[in-house]
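Here's the structure we're looking at; comments come further down.
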Amino acid sequence: MTSSAYREIVKALPNYTNNEFDTVEYENRISDYINKSDVNPLLSDYDVACNNDVCFGYFASESKDELDDFFIEFIRGDSSPTHKSGFVNSMEVHNSDTGIFEYRISFNSNPEVKSITVPR
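If you want it as structure tokens, here you go:
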């Protein structure tokens, strides 16, 4: 998530996956959640992509407070699309040149996956 090319990685993930029907349905639920969010018009950019085990994504906005509220609701809210069991990793990024605040996120798309390990 620390990569300067993180957004490009997220956008490229669908090119390297052969998602099962359940994963495609899960991605659709995530899209619906984001599109119906009151914060959606305040997002300057966002993307979430999944394979059959994990999702990677980012949410960016000029409004830190609104982005914080959206992000907390996205990962913990009653209608959150994330699985109640599993994991959520996140990282906050602020680009002082553009004034854009960003949350980078990874979470399980498969409810059976409880964590991921990334080799160093």
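Mapped onto the numbering used here, the consecutive letters of the sequence shown carry residue numbers 2 to 121. We put the CB at the ideal spot given by N, CA and C, even for glycine.
- Only buried fits P82, as 16 or more other CB atoms lie within 10 angstroms of its CB.
- Closest in alpha carbon position to N90, among E67, S64 and T118, is T118.
- Per DSSP, I76 is one residue of the alpha helix (DSSP H) stretching across K65 to R77.
- Taking a contact as a CB-CB distance under 8 Å, the pair N20 and C56 does not count as one, their CB atoms being some 11 Å apart.
- Per the DSSP secondary-structure output, H95 pairs in a beta bridge with F102.
- Every beta strand (DSSP E) stretch that sits fully inside the stretch 13-51 and reaches 3 residues is listed by chain position as 44-51.
- DSSP links V11 through a beta bridge to no other residue.
- Looking only at S5, N53 and Y7, the smallest Cα-Cα distance to T18 is reached by N53.
- Per the DSSP secondary-structure output, G87 pairs with nothing in a beta bridge.
- Sequence-distant partners of D46 (beyond 5 residues in either direction) whose C-beta falls short of 6 Å from its own C-beta, in its chain, are A61.
- Our two residues, K65 and V114, have alpha carbons roughly 31 Å apart in a direct line.
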